[in-house]
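Novice:
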Amino acid sequence: MKFRFKNQIQCQKPTYSWLTLSKKITMADQERTELGSLGEFGLIDSLTSSFELRNESSVYGIGDDAAVLERDEETFTLVSTDILIEGIHFNLMYMPLKHLGYKAVAVNVSDIVAMNGKAEQITVSIAVSNRFPLEALQELYSGIELACSNYNVDLVGGDTSSSHSGLMISVTAIGVVAKSKVVYRNGAQANDLIVVTGDLGGAYIGLQVLEREKTVFEANPNIQPDLEGKDYIIQRQLKPEARKDVQEYLIELGVVPTSMIDVSDGLASELLHISRQSKVGVRVYNTKIPIDSLTSTTAIDFNLDPVTCALNGGEDYELLFTVSQSDFDKIKGNPHMTIIGYVTDETEGNYLVDSNNSLVELKAQGWQHF
Ligand code: ADP
Ligand code: MG
315 MKFRFKNQIQ CQKPTYSWLT LSKKITMADQ ERTELGSLGE FGLIDSLTSS FELRNESSVY
375 GIGDDAAVLE RDEETFTLVS TDILIEGIHF NLMYMPLKHL GYKAVAVNVS DIVAMNGKAE
435 QITVSIAVSN RFPLEALQEL YSGIELACSN YNVDLVGGDT SSSHSGLMIS VTAIGVVAKS
495 KVVYRNGAQA NDLIVVTGDL GGAYIGLQVL EREKTVFEAN PNIQPDLEGK DYIIQRQLKP
555 EARKDVQEYL IELGVVPTSM IDVSDGLASE LLHISRQSKV GVRVYNTKIP IDSLTSTTAI
615 DFNLDPVTCA LNGGEDYELL FTVSQSDFDK IKGNPHMTII GYVTDETEGN YLVDSNNSLV
675 ELKAQGWQHF
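Numbering follows the working numbering, with no gaps: position 17 of the sequence shown is 331.
(1) Can you tell me the Cα-Cα spacing of Asp471 and Thr437, whole angstroms?
(2) Considering only C-alpha positions, which residue in the set Gly480, Met407, Ser475, Tyr498 is nearest to Val382?
(3) In whole angstroms, what separates the C-alpha of Thr652 from that of Phe390?
(4) Is it the case that the CB of Ile548 approaches a heavy atom of the ligand ADP more closely than 7 Å?
(5) Taking a contact to mean a Cβ-Cβ separation below 8 Å, would you say Lys493 touches Ser456 in this structure?
(6) Cutting at 6 Å between CB atoms, please list the residues of its own chain near Ser475, excluding the five before and the five after it.
(7) Output the boundary residues of the beta strand (DSSP E) element that contains Asn664.
(8) At what residues does the beta strand (DSSP E) containing Val674 begin and finish?
(9) When the Cα of Arg597 is compared with those of Tyr656, Leu481, Ala420, Leu406, which residue comes out closest?
(10) Would you check if there are 3 or more beta carbon pairs closer than 8 Å linking the segment 398-415 to the segment 616-624?
(11) Which residues count as close to the ligand MG when the rule is a CB under 7 Å from any of its heavy atoms, in chain order?
(12) With a CB to CB cut of under 6 Å and the five nearest residues on each side skipped, what residues in its chain are close to Ile397?
(13) Indicate, with yes or no, if the ligand ADP has a heavy atom lying under 7 Å from the CB of Leu361.
(14) Helix, strand or coil for Lys646, going by three-state DSSP, please let me know.
(15) Which residue from Cys462, Ser371, Tyr518, Thr511 puts its Cα closest to that of Gly580?
(16) Report yes if the C-beta distance between Asp668 and Asp576 is below 8 Å; otherwise report no.
(17) Taking the straight line between their C-alpha atoms, what separation do you get for Asn670 and Asn430?
(18) Which ranges does the alpha helix (DSSP H) cover as unbroken runs of at least 4 residues, wholly within the segment 507-583, from first to last along the chain?
(19) Between Ile376 and the ligand ADP, is the CB less than 7 Å from at least one heavy atom?
(20) Suppose you measure from the CA of Tyr546 to the CA of Asn369; what does that come to, to the nearest Å?
(21) What distance in whole Å lies between the Cβ atoms of Ala582 and Ser679, which are believed to be in contact at a cut-off of 8 Å?
(22) Can you tell me where the alpha helix (DSSP H) with Ala461 in it begins and where it stops?
(23) Quick one: what does DSSP say Phe616 is sitting in, helix, strand or coil?
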């Protein structure tokens, strides 16, 4: 027997019956686990923990900023992928397509940098609906091209699909690192110093400003967005940069971090990754967390605590790393780096030391997509 689908394509009857299929769905329903109860990392873990690495060339699989693959005697290849979905990661009401293209590349370069590597190639996959004209996608690609030029990477492939409504862009970055220089999340040791680059919380508070102005605009399209004086935090949200420059500073200083991660989900979440994977505790001082003055004043305008924005906001794409105590003199006073705390034994737990010297347990609240 042959089916006739609406689009007139002839095809063979599937080998399973719909009855069997619906039974399977019902069974699955009985063991239903809500994704929201798992969180991002619990979900990744439950989906992938049973997978083994079968090839010797797969040096390090899931669990760091990039996968590490054997390349030659001296170097590893690094691979990292990130996906950006309209309505989840960006809103085209305030995210210009050129910026979106730039950001999609930058966030992947950032993951390669977090392994102390150098990104060399990217592939770009997009799904687009026909609500976008060619010119819009050319804008997106002009941002991708600018990022390729700024980060010195080559676009070497990708995939293109239609989508029913939203825009999706997924970038894979491929990089290289000397075997002796690769830095994982799992190398932190008790007594190491915890260092963060740049300042934190700006991207999150920039997003709050953009969201507020979007709401005002939707209510009254005659009112133009009021972004006066907010350039820095808007830029932190719309045009983040991978901290490739920090790699150079570290080489100049002669410092190789013991562990490293980029701050994509908020400082708290990243500290807990380092703690879990290095089997150590962390202790950071809230007064030491670098926060730009515009981030602070704007957070306060929104009735938000600036430190909470830095801990849980995310998307700053700064680097968080640990260094040996013996590197203290090299890092101290560096304008690009701030020592925010130190690594402890695992049994001492993960704590923020607040302004009253009280310990507040660190919890990750960065990611709530489901
Ligand atoms: P980052 O924030 O540095 O981009 P993620 O938190 O997205 O890293 O991912 C953590 C780890 O889980 C990475 O090694 C990533 O490759 C892996 N990962 C994420 N999603 C999946 C998935 N759906 N299947 C397999 N591995 C995944
Ligand atoms: Mg990362």
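The beta-carbon is built from N, C-alpha and C at its ideal position, and this holds for glycine as well.
Specialist: Result, derived from the coordinates:
(1) As a working note, residue 471 is residue 157 in the sequence shown. As a working note, residue 437 is residue 123 in the sequence shown. The sequence as given places Gly at residue 471; Asp does not occur at that position. For Gly471 and Thr437, the distance between alpha carbons rounds to 5 Å.
(2) Locating residue 382 in the sequence shown gives position 68, counting from the first residue. The residue with the shortest Cα to Cα distance from Val382 is Tyr498.
(3) If you number the sequence shown from 1, residue 652 lands on position 338. If you number the sequence shown from 1, residue 390 lands on position 76. Computed Cα separation, rounded: 29 Å.
(4) The sequence position of residue 548 within the sequence shown is 234, counting from 1. Outside the cutoff, so no.
(5) For the purposes of this step, residue 493 is taken as residue 179 along the sequence shown, with counting starting at 1. For the purposes of this step, residue 456 is taken as residue 142 along the sequence shown, with counting starting at 1. Not closer than 8 Å, so no.
(6) As a working note, residue 475 is residue 161 in the sequence shown. Cβ within range, chain order: Ala441.
(7) The count along the sequence shown starts at 1 and reaches residue 664 at position 350. Per DSSP, Asn664 belongs to the beta strand (DSSP E) from 664-667.
(8) Here residue 674 refers to the residue found at position 360 when the sequence shown is read from its first residue. Residues 673-675.
(9) In the sequence shown, residue 597 corresponds to position 283, counting from 1. Taking only the C-alpha atoms, the option nearest Arg597 is Tyr656.
(10) no
(11) Asp379, Ser424, Asp425, Ala428, Ile575, Asp576, Ser578
(12) Indexing the sequence shown from 1 puts residue 397 at position 83. Cβ neighbours of Ile397 beyond the five flanking positions: Ser484.
(13) In the sequence shown, the residue the question calls residue 361 occupies position 47. For the ligand ADP, at least one heavy atom lies less than 7 Å from the Cβ of Leu361.
(14) By one-based count along the sequence shown, residue 646 stands at place 332. Correct three-state label for Lys646: coil.
(15) Locating residue 580 in the sequence shown gives position 266, counting from the first residue. For the residues Cys462, Ser371, Tyr518, Thr511, the minimum Cα distance to Gly580 belongs to Tyr518.
(16) Stepping through the sequence shown from its first residue, residue 668 is reached at position 354. Stepping through the sequence shown from its first residue, residue 576 is reached at position 262. No, they are not a contact pair.
(17) Numbered from 1 along the sequence shown, position 356 holds the residue referred to as residue 670. Numbered from 1 along the sequence shown, position 116 holds the residue referred to as residue 430. Computed Cα separation, rounded: 36 Å.
(18) 516-533, 545-552, 558-567
(19) The residue given as residue 376 occupies position 62 in the sequence shown. Because some heavy atom of the ligand ADP lies under 7 Å away, the Cβ of Ile376 counts as near it: yes.
(20) Sequence index remark: in the sequence shown, residue 546 carries index 232 (1-based). Sequence index remark: in the sequence shown, residue 369 carries index 55 (1-based). Rounded to the nearest angstrom, the two C-alpha atoms are 46 Å apart.
(21) Taking the first residue of the sequence shown as 1, we reach residue 679 at position 365. Taking the first residue of the sequence shown as 1, we reach residue 582 at position 268. First, the amino acid is wrong: residue 679 is Gln here, not Ser. Contact holds; Cβ gap of about 7 Å.
(22) Stepping through the sequence shown from its first residue, residue 461 is reached at position 147. Ala461 -> alpha helix (DSSP H) spans 448-465.
(23) As a position in the sequence shown, residue 616 is number 302, starting the count at 1. Correct three-state label for Phe616: coil.
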